[in-house]
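Shown next as structure tokens:
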């Protein structure tokens with residue numbers, strides 16, 4: 011929604027009415043109109059010709075949602091109008107605004123579509139109970155963007171995060187430069203690892219000393235309502251400084267901290283169980299002609315973590331869903347890697363490998 | 057040991073054998089549900105309400121779900137018992153969840169075997185390691201050949217895994233029995249026994265049932281395609297021991 015507005019080139023200048031008393035209309039690239047006794051000259055507004063893929067996708071979504079409004083019955087439109095009355099002037103969408111039935115329909119459904127939900131034809135019952143995002147810390151280093159200690163009050167809310175690229179220290183307001191990093195992610199046990207999403211959207215990580223503008227809010231997928239936007243900034247600090255300031259790296263392997271050459275499309279290997287077991291939730295793709303998949307952690311594996319687990323698997327995708335067992339081995343020396351070695355059942359590529367595996371040496 | 061309070065899929069009362077600590081829970085239960093029941097059909101997730109557990113949330117773990125399918129021919133009966141692994145997790149301290157897995161709806165009665173450990177994530181301490189021990193299948197006349205036999209023994213539970221590499225031809229269709237030396241003898245469980253091609257359900261493969269009691273493994277019969285190459289049969293369970 012905001013990206014569409016941001017693509018309009020518009021510079022306005024208020025000038026004394028005495029000079030252009032009754033002037034109105036368009037001449038060349040200039041349009042004049044009279045408001046409140048003053049004539050305002052605008053550069054003619056053009057929609058930017060260039061579009062990023064995400065802008066194109068966003069415009070398509072908005073356009074489809076907008077068209078769908080015309081298919082509603084009169085009573086449905088009336089209900090959306092009533093909802094709009096509630097929403098009018100409330101900064102539920104991050105900024106106070108006038109609201110029509112059409113606006114409410116488009117905004118609620120655009121929010122829902124961001125998280126893959128279908129179009130809502132009937133207006134949801136208005137509730138203003140979505141809280142602000144509560145978190146412990148946001149770590150921004152040249153290597154990671156990570157939110158920790160997020161409290162998801164219902165477990166159903168999705169987190170929307172908007173961030174800017176690294177800005178100069180002197181930039182006091184970079185809110186117009188924020189883009190949606192994630193349109194609605196579930197927190198991972200209180201953490202939101204955004205490194206991959208950030209580099210995918212922004213293209214590069216911030217440098218030490220850069221200022222990053224961050225906006226956060228919860229989205230309730232079932233209604234499309236969102237909570238109050240929390241705005242904060244962080245200076246990018248070095249990994250060393252982050253550790254000095256209390257950052258403790260979890261022993262957890264996700265797609266965020268392993269090589270893209272790894273043979274998995276989903277990865278969550280979590281050592282922080284406080285139990286004699288490791289938690290796995292992985293999709294193994296296999297490699298070569300060997301019945302195993304390998305994962306290459308970027309920072310290796312501590313020698314103290316060497317060991318093995320057995321865990322269950324199930325064929326994934328379109329094909330077979332056979333039960334399988336996998337031995338997961340953690341190697342720290344020479345060629346640090348995690349190996350998901352197929353052991354029991356019919357070997358299927360790809361396979362989900364999940365569960366708590368007792369951890370032994 | 058505790059009984060379920062209720063469930064939303066028409067399974068009746070479920071008895072759990074449990075071992076619980078601050079950061080993890082080991083559960084054993086065997087029960088059935090009917091995929092044609094209105095309760096099952098109305099549920100999105102299968103939820104079992106239970107008395108307070110020691111953890112209030114867990115990551116997904118794997119449990120087995122199987123069904124019995126025998127097809128009688130004029131001179132023989134085909135064993136097409138099948139099934140697979142489904143996800144299970146603790147949603148809150150009073151709710152154990154099971155994935156409603158549509159491919160299993162090809163059968164009416166589903167048998168669930170919960171023999172699993174449930175753990176949380178992002179705790180203050182990392183996983184601790186336990187020593188493994190070796191166990192061996194012993195028989196007066198050796199006919200079962202195994203590999204990847206791993207036994208992890210805790211004071212209150214035991215994890216066991218093995219694969220079956222072959223069986224002597226003469227014993228292929230007979231009931232099996234073997235003592236598993238090294239396996240604690242203080243638990244009894246019906247255990248799922250996956251392996252073998254299943255012509256009747258070729259998307260899931262065979263899934264039979266075996267039994268372990270007093271350290272002795274027994275298995276009456278297996279799926280008709282049990283010996284198929286590449287469908288390595290295996291055992292995988294976490295059992296709560298009778299140590300109290």
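Residue numbers (the working numbering), protein chains in the order written: chain A, 11 to 371; chain B, 57 to 300. Glycine is no exception: its CB is placed at the ideal position from the N, C-alpha and C atoms. Please read these numbers as outputs of a predicted model, since none were measured by experiment.
Check                                                                                                                          : Outcome
Min CB distance residue 217(B) to chain A below 7 Å                                                                            : yes
Cβ-Cβ separation, residue 296(B) to residue 82(B) (assumed contact under 8 Å), whole Å                                         : 5 Å
Cα-Cα separation, residue 285(B) to residue 169(B)                                                                             : 26 Å
Positions along the stretch 320 to 335 of chain A whose CB lies within less than 9 Å of some CB in chain B                     : 320, 321, 322, 323, 324, 325, 329, 330, 331, 332, 333, 334, 335
Runs of beta strand (DSSP E) lying entirely within the stretch 203 to 262 of chain A, each at least 3 residues, in chain order : 221 to 229, 240 to 245
Within the stretch 308 to 334 of chain A, ranges of the beta strand (DSSP E) (whole runs, at least 3 residues)                 : 317 to 325
Minimum C-alpha distance to residue 235(A) - residue among 77(A), 336(A), 123(A)                                               : 123(A)
Secondary structure of residue 125(A), DSSP reduced to three states                                                            : coil
Residue-chain proximity (residue 118(B), chain A), Cβ-Cβ < 7 Å                                                                 : yes
Exposure label - residue 117(B); buried when at least 16 CB within 10 Å                                                        : buried
Own chain residues within Cβ distance below 8 Å of residue 137(A), not counting five before or after                           : 233, 235
Local Cβ density within 10 Å of residue 144(B), reported as buried at 16 or more and exposed below that                        : buried
Burial state of residue 16(A) (16 or more Cβ within 10 Å)                                                                      : A caution first: residue 16(A) carries a pLDDT of 33, below 50, which makes its placement in the model unreliable, though a value can still be read off. Under this definition residue 16(A) is an exposed residue.
CB contact flag (residue 156(A), residue 203(A), <7 Å)                                                                         : yes
Residue 70(A) versus residue 208(B): straight-line alpha-carbon distance, rounded                                              : 55 Å
Proximity of residue 190(A) and residue 172(A) at Cβ, strictly below 7 Å                                                       : yes
Chain A contact for residue 185(B) (CB, 7 Å cutoff)                                                                            : yes
Continuous beta strand (DSSP E) stretch holding residue 172(A): start and end                                                  : 168 to 173
Burial state of residue 214(A) (16 or more Cβ within 10 Å)                                                                     : exposed
DSSP bridge partner residues for residue 236(B) (one or two, in chain order)                                                   : 193(B)
Where the alpha helix (DSSP H) through residue 368(A) begins and ends                                                          : Careful: residue 368(A) lies outside any alpha helix (DSSP H), inside the beta strand (DSSP E) at 361 to 370.
Within 7 Å, strictly: CB atoms of residue 125(B) and residue 136(B)                                                            : yes
Reduced DSSP category for residue 192(A) - H, G, I as helix; E, B as strand; rest coil                                         : strand
Three-state class that DSSP yields for residue 266(A) in the structure shown                                                   : helix
Residue 139(B): first and last residue of the uninterrupted beta strand (DSSP E) it sits in                                    : 138 to 148
Start and end residues, alpha helix (DSSP H) containing residue 278(A)                                                         : Premise fails: residue 278(A) lies in the beta strand (DSSP E), 278 to 280, not in any alpha helix (DSSP H).
6 Å Cβ shell around residue 63(B) - same chain, five flanking residues per side excluded                                       : 104
Chain-ordered neighbours of residue 168(B) on chain D, where CB pairs are closer than 9 Å                                      : Of the protein chains in the structure, A and B, none is chain D.
Closest residue to residue 260(A) among 95(A), 117(A), 158(A) (Cα-Cα distance)                                                 : 158(A)
Extent of the continuous beta strand (DSSP E) run through residue 85(A)                                                        : Looking at the DSSP string, residue 85(A) is not in any beta strand (DSSP E); the run it does join, the alpha helix (DSSP H), is 84 to 97.
Which of helix, strand or coil DSSP assigns to residue 254(B)                                                                  : coil
Partners in chain B for residue 263(A), counting only beta-carbon separations shorter than 7 Å                                 : Here the premise fails: no neighbours, minimum Cβ distance about 12 Å.
Residue of 274(B), 151(B), 98(B) minimising C-alpha distance to residue 65(B)                                                  : 98(B)
8 Å CB neighbourhood of residue 371(A) in its chain, flanking five on each side removed                                        : 316, 317, 318
Residue range of the beta strand (DSSP E) that includes residue 304(A)                                                         : 302 to 305
Nearest residue (CA-CA) to residue 238(A), options 177(A), 139(A), 338(A), 125(A)                                              : 139(A)
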